[in-house]
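Visitor: Sending over a structure as structure tokens; questions will come in a sec.
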Amino acid sequence: MAKRGGFPGGGMPGNMANLMKQAQKMQRQMEEQAKEMETKEFSATAGGGAVEVTVSGSKKILKVKLDEEVVDPDDVEMLEDLLVAAVNEALEKVDAETTSAMSKFTGGMGGGMPGLF
């Protein structure tokens, strides 16, 4: 009659050690991916290219480029709207790339991994 509880053949400790090694490897890969993301740049435009914003993978604004015709002192609100649109689109690109890159590690686990980014 088989013993209740326990792990036949003592296999669990080896499996647990293997699982820990895999988890550590995955953590290193995720850290490398996060560092790589920080070095990338993402640009977006608004107003048919009149406004261009470039952000880093760590979501820092690196550059804002404005065409002269969009700088109208009588219509500052339009420029503000274009800047907001371009910044938001650039940040969405960062999020999309981050999600795509991290899905390699999460294997499609629903809801992602909160707190990673």
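Using UniProt numbering, you'd call the opening residue of the sequence shown number 1 and step up by one each time. For every residue, glycine included, the Cβ atom is placed at its ideal position computed from N, Cα and C. Computed from a predicted model, the values in this text were never measured in an experiment.
Hey, Lys40 and Gly57: beta-carbon distance below 7 Å or not?
Guide: Contact: yes.
Visitor: In chain order, what residues of the same chain have a beta carbon less than 7 Å from the beta carbon of Ala44, not counting five sequence neighbours either side?
Guide: Excluding sequence neighbours, Ala44 sits near Val53, Ala86, Glu89, Ala90, Lys93.
Visitor: Tell me the residue span of the alpha helix (DSSP H) that contains Ser56.
Guide: Unbroken run through Ser56 is the beta strand (DSSP E), 51 to 56; no alpha helix (DSSP H).
Visitor: Helix or strand or just coil, what does DSSP make of Val64?
Guide: Correct three-state label for Val64: strand.
Visitor: Going by CA-CA distance only, name the one from Glu31, Ala50, Asp81, Asp95 that's closest to Lys60.
Guide: The shortest C-alpha separation from Lys60 is found at Asp95.
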